[in-house]
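Everything below concerns the one structure shown next.
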Amino acid sequence: MSFDFKRMLKFEINVGTKEKQIRLYAGCAALFISLFLASVPLLLIGLILVATGYTVWCPVYSGLDKSTVESE
12 MSFDFKRMLK
22 FEINVGTKEK
32 QIRLYAGCAA
42 LFISLFLASV
52 PLLLIGLILV
62 ATGYTVWCPV
72 YSGLDKSTVE
82 SE
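Per my numbering, the very first residue in the sequence shown carries number 12; after that it's consecutive.
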(Lines of atoms letter the chains of each structure in order from A and count residues from 1; the text may use other names and numbers.)
(Lines give C-alpha, C1' and ligand atoms only; values in the text may rest on other atoms or scores of the structure.)
Protein backbone atom coordinates (compact mmCIF):
# COMPACT_ATOMS: atom_id res chain seq x y z
CA MET A 1 0.00 0.00 0.00
CA SER A 2 1.52 3.31 -1.03
CA PHE A 3 0.45 6.85 -0.32
CA ASP A 4 0.38 9.26 -3.27
CA PHE A 5 0.73 12.88 -2.15
CA LYS A 6 -0.05 14.31 -5.61
CA ARG A 7 -3.28 12.33 -5.81
CA MET A 8 -4.18 13.51 -2.31
CA LEU A 9 -4.54 17.09 -3.58
CA LYS A 10 -6.91 16.09 -6.39
CA PHE A 11 -10.52 16.81 -5.43
CA GLU A 12 -12.79 13.86 -6.22
CA ILE A 13 -15.89 12.56 -4.49
CA ASN A 14 -14.77 9.54 -2.49
CA VAL A 15 -17.08 9.48 0.57
CA GLY A 16 -20.30 7.50 0.17
CA THR A 17 -23.73 8.54 1.45
CA LYS A 18 -23.74 6.27 4.51
CA GLU A 19 -20.27 7.35 5.54
CA LYS A 20 -21.22 10.98 4.89
CA GLN A 21 -24.07 10.72 7.38
CA ILE A 22 -21.87 9.00 9.94
CA ARG A 23 -19.15 11.63 9.58
CA LEU A 24 -21.65 14.49 9.91
CA TYR A 25 -23.39 13.04 12.99
CA ALA A 26 -20.14 12.01 14.69
CA GLY A 27 -18.55 15.36 13.89
CA CYS A 28 -21.49 17.33 15.26
CA ALA A 29 -21.48 15.18 18.40
CA ALA A 30 -17.73 15.71 18.84
CA LEU A 31 -18.15 19.47 18.40
CA PHE A 32 -20.99 19.57 20.91
CA ILE A 33 -19.09 17.51 23.50
CA SER A 34 -15.91 19.55 23.00
CA LEU A 35 -17.79 22.69 24.05
CA PHE A 36 -18.48 21.23 27.49
CA LEU A 37 -15.11 19.53 27.96
CA ALA A 38 -13.10 22.44 26.51
CA SER A 39 -11.12 19.90 24.52
CA VAL A 40 -9.23 21.38 21.57
CA PRO A 41 -8.24 18.00 20.03
CA LEU A 42 -11.86 16.85 20.11
CA LEU A 43 -12.90 20.15 18.52
CA LEU A 44 -10.40 19.66 15.69
CA ILE A 45 -11.52 16.07 15.11
CA GLY A 46 -15.13 17.24 14.99
CA LEU A 47 -14.30 19.99 12.51
CA ILE A 48 -12.44 17.57 10.24
CA LEU A 49 -15.30 15.06 10.33
CA VAL A 50 -17.91 17.71 9.53
CA ALA A 51 -15.77 19.19 6.74
CA THR A 52 -15.12 15.83 5.06
CA GLY A 53 -18.76 14.85 5.43
CA TYR A 54 -19.99 18.13 3.98
CA THR A 55 -17.60 18.17 1.01
CA VAL A 56 -17.84 14.34 0.47
CA TRP A 57 -14.07 14.39 -0.09
CA CYS A 58 -11.42 12.92 2.17
CA PRO A 59 -7.80 13.77 1.26
CA VAL A 60 -6.50 10.66 3.04
CA TYR A 61 -8.83 8.47 0.95
CA SER A 62 -7.58 10.23 -2.20
CA GLY A 63 -3.96 9.59 -1.24
CA LEU A 64 -4.69 5.92 -0.59
CA ASP A 65 -6.84 5.65 -3.75
CA LYS A 66 -9.81 4.49 -1.67
CA SER A 67 -13.48 5.27 -2.20
CA THR A 68 -16.67 4.34 -0.36
CA VAL A 69 -19.00 5.68 -3.05
CA GLU A 70 -21.52 3.05 -4.09
CA SER A 71 -21.31 2.19 -7.79
CA GLU A 72 -24.58 1.88 -9.68
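Beta carbons: idealized from backbone N, C-alpha and C, even for Gly.
query, result
"Between the CA atoms of Leu48 and Leu6 - distance to the nearest angstrom", "This structure cannot speak to residue 6, because the chain is shown only from 12 to 83."
"Ala37 versus Asp76 - alpha carbon distance", "24 Å"
"Contact check, Gly64 vs Ser45, beta carbons under 8 Å", "no"
"Residue range of the unbroken alpha helix (DSSP H) whose run includes Leu20", "Run containing Leu20: none; DSSP gives neither H nor E here."
"Straight-line gap, Phe14 to Lys21 (C-alpha atoms, nearest Å)", "13 Å"
"Beta-carbon spacing of Val71, Leu35 below 8 Å", "no"
"Top-ranked residue by Cα proximity to Ser82, from Val26, Met19, Gln32 and Arg18", "Val26"
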